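Below: the structure, in structure tokens.
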Amino acid sequence: QEYTALKVKVTEWSQSAAEFLKGKIEDDANVFFVPATLRPETMYGQTAVFLGPKITYGVYKVREKEYYVVTKRAAWNMAFQGIFSSGEEFPKSQDQLPFVAEAPGSTFVGTSVSAPLSVHETIKILPMETVSATKGTGVVTSVPSDSPDDYATMTDLAKKADYYGIKKEWAELEILPVIDTPTYGNLTAPTLVKKLKINSPKDAKLAEAKDLAYSEGFYKGTMLVGEFKGETVQNAKDKVRQSLIKSGLAFAFADPSGKVVSRSG
Ligand code: ZZB
-13 QEYTALKVKV TEWSQSAAEF LKGKIEDDAN VFFVPATLRP ETMYGQTAVF
37 LGPKITYGVY KVREKEYYVV TKRAAWNMAF QGIFSSGEEF PKSQDQLPFV
87 AEAPGSTFVG TSVSAPLSVH ETIKILPMET VSATKGTGVV TSVPSDSPDD
137 YATMTDLAKK ADYYGIKKEW AELEILPVID TPTYGNLTAP TLVKKLKINS
187 PKDAKLAEAK DLAYSEGFYK GTMLVGEFKG ETVQNAKDKV RQSLIKSGLA
237 FAFADPSGKV VSRSG
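Take the sequence shown: its letter number 245 is residue 231 in our numbering, and every next letter is one higher.
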């Protein structure tokens, strides 16, 4: 599975993350959460970055004063793809990774980050219970306009903010239309979630909603924002990806053990 790995930069740590990282990285270092996405053309609509609250994330040193936060499994895959310039190029074991520290996702919740292309200047790290530890990087960028899972999770987070230990407004950023489609309009995910009467992030119908959103968006979608506004998603997808990679805001990342089925991505 070939993903686009996006460099989402930390602008302000949550209190628990700041305490945890104290003395472990330089004060002037750049730290990035790195979500893996199959939908680079939707990055304009990012409203949060999700971590599994109970999943363990590592902080890895990429080069001088630059760190990535991902699962150990993803760091191991990155090492073999030559993404780290520090550490062993072909590590023989996981202890040769350029590892600095590790903590559960919950430690980072509330951290402010700046996500490439997002219309929102900064967004928050938020918890998502359905993140898979064994897919991509374990970091997921939230695009509630076009991802039914993300819309269902954002809705739930806003509804039960106290329970999740977050501020309600962190989960209530404006949802901007990114892609227009003939069947579901310009907010595909909210439309599908309502149509299929999905009311929980764990609803089994989300799998169907995701399949419908993927194919409608890819085969029939048109860009409503950004550099390739007016173009079909089929045309714009790779252009957005290449533009992000060229500007150093993203890189190609393969997940060798991911599903092999092609998903129009
Ligand atoms: C942004 C985005 C925007 C995504 C969208 C989807 C959609 P798949 O299809 O099952 O292979 N993702 C990535 N890693 C994880 C993880 N560890 N746990 C849970 N979800 C994860 O999954 C690929 C998509 O699932 C990725 O693309 C990512 O969300 C999420 F508008 O990135 B996507 C209709 C989907 N729309």
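Ideal Cβ positions, reconstructed from N, Cα and C, are used throughout, including at glycine.
Being a predicted model, the structure only gives us computed values, none of them experimental.
Paired residues, beta bridge with residue i - DSSP
i: F36; result: L112 and V126
i: R25; result: Per DSSP, none; premise fails for R25.
i: S100; result: K(-5)
i: F237; result: A(-9)
i: E49; result: The sequence shown places Arg at residue 49, not Glu. R49 pairs with E52.
i: F85; result: Y46
C-beta atoms of residue i and residue j nearer than 8 Å
i: A193; j: L178; result: no
i: S98; j: V35; result: no
i: Y46; j: F76; result: no
i: P102; j: K(-7); result: yes
i: G122; j: T167; result: no
i: N63; j: D241; result: yes
Presumed contact (8 Å Cβ cut-off) between residue i and residue j, rounded CB distance
i: D135; j: K196; result: 6 Å
i: V56; j: V125; result: 6 Å
i: M140; j: T33; result: 7 Å
i: F94; j: I111; result: 5 Å
i: G38; j: M114; result: 7 Å
Own chain residues within Cβ distance below 6 Å of residue i, not counting five before or after
i: S133; result: A175
i: G207; result: I165, T167 and V219
i: T28; result: V129, D132 and V164
i: A147; result: K154
Proximal residues to residue i (C-beta, below 7 Å), its chain only, five neighbours per side dropped
i: R249; result: Because the pLDDT of R249 is 48, which lies under 50, any placement of that residue in the model is unreliable, and the question is left without a value.
i: N16; result: K(-5), K51 and E52
i: S2; result: T93
Simplified DSSP assignment, three categories, for residue i
i: N172; result: coil
i: E107; result: coil
i: G216; result: coil
i: P242; result: coil
i: R249; result: Because R249 carries a pLDDT of 48, less than 50, the predicted location of this residue cannot be relied on, and the following value inherits that uncertainty. Coil at R249, not helix or strand.
i: F70; result: coil
i: D14; result: coil
i: I161; result: coil
i: P90; result: strand
i: D132; result: coil
i: F76; result: coil
Cβ shell of residue i (< 8 Å), same chain only, five flanking positions each side left out
i: Y30; result: L103, S104, V105, L162, V164, V211 and G212
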